[in-house]
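Read the structure below first, then the notes.
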Amino acid sequence: MKDNKVKILGTLFFLFCLLFIGGSWHLGSLLRALQEEFDDLEQRRVDLSGSTRSLMQQKATFTSAFKDLEHYHINVAPSDMAFYSDVQQVVQSNGIEILSTRQQGTDKEGRSSIVLALRGDYYAMMQVLADWRNLSTTVRVASLSLSSHSMPSEPAANPAEQNWIQADVTLEAVIGLQR
15 MKDNKVKILG TLFFLFCLLF IGGSWHLGSL LRALQEEFDD LEQRRVDLSG STRSLMQQKA
75 TFTSAFKDLE HYHINVAPSD MAFYSDVQQV VQSNGIEILS TRQQGTDKEG RSSIVLALRG
135 DYYAMMQVLA DWRNLSTTVR VASLSLSSHS MPSEPAANPA EQNWIQADVT LEAVIGLQR
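Take the sequence shown: its position 169, counted from the start at 1, is 183 in my numbering, and no numbers get skipped.
So this is what it looks like as structure tokens:
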């Protein structure tokens, strides 16, 4: 009876050890899986916090830009004629030749546009563009096309004409208060 008791207790102890080792192995693999999941979630948290920080910076930038736009002031031309006169005066004061002019009229939003074909010295043309920015009326260059004035095969008749260009420009300005 004593031998049976020792065998039974030995067998139970052996089974208990196997159960303990198997449980430890199972819990260890479960712990590794949970650790991998934790690492993935931690990486995702870091990525999302970086993304959130970036979005907050963008929001601050846009908010700042909109505040600046609220304070932006547009100088309105009193009439089409005043707009055209200001544009023409700048062109002529810089010694640029006006080849053709076409007024497009005023659209429903109150924007008037003028299409000009100009010819003159390159540097004077650049000065015209700079001077248009300094007009009392807010002017927008809607389109600008520059090309050399003379054909490459033709030598310039006047040495001063070597830097001459031709420009096709469309200018826009807001005319009057169209409300």
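Don't be surprised by glycine CBs; every beta carbon is placed ideally from N, CA and C. These numbers were taken from a predicted model, which means no experiment stands behind them.
For residue i, three-class secondary structure by DSSP
i, result
"Ser65", "helix"
"Gly119", "strand"
"Leu149", "coil"
"Gly36", "helix"
"Gly42", "helix"
"Ile110", "coil"
Integer-rounded CB distance, given that residue j should sit under 8 Å from residue i
i, j, result
"Leu188", "Val90", "First, the residue type needs correcting, since residue 188 is Val and not Leu in the sequence shown. Val188 to Val90, Cβ: 5 Å. Contact."
"Thr66", "Asp100", "No, Thr66 and Asp100 are not in contact; Cβ-Cβ is about 49 Å, not under 8 Å."
"Asp182", "Ser159", "4 Å"
"Ala156", "Leu130", "Between Leu130 and Ala156 the Cβ distance is about 11 Å, and since that is not below 8 Å, they are no contact."
"Leu132", "Leu113", "7 Å"
Residues of its chain near residue i, where Cβ-Cβ distance is below 8 Å and the 5 sequence neighbours each way are ignored
i, result
"Gly109", "Gly134, Asp135 and Ala138"
"Ser68", "none"
Delimiting residues of the alpha helix (DSSP H) encompassing residue i
i, result
"Ala91", "Per DSSP, Ala91 belongs to no alpha helix (DSSP H) and is neither H nor E."
First through last residue of the beta strand (DSSP E) which encompasses residue i
i, result
"Ile179", "Trp178 to Val188"
"Gly134", "Arg125 to Asp135"
Close beta carbons around residue i, own chain, < 6 Å, minus the five adjacent residues each side
i, result
"Val20", "none"
"Gln103", "none"
Same chain, Cβ closer than 7 Å to residue i, neighbours up to 5 away in sequence not counted
i, result
"Ser71", "Residue identity differs from the one stated: residue 71 is Gln in this sequence, not Ser. Here the set comprises nothing."
"Met140", "none"
| task | For the region 75 to 93 and the region 101 to 118, state whether three or more C-beta atom pairs, one from each stretch, are separated by less than 8 Å. | result | no
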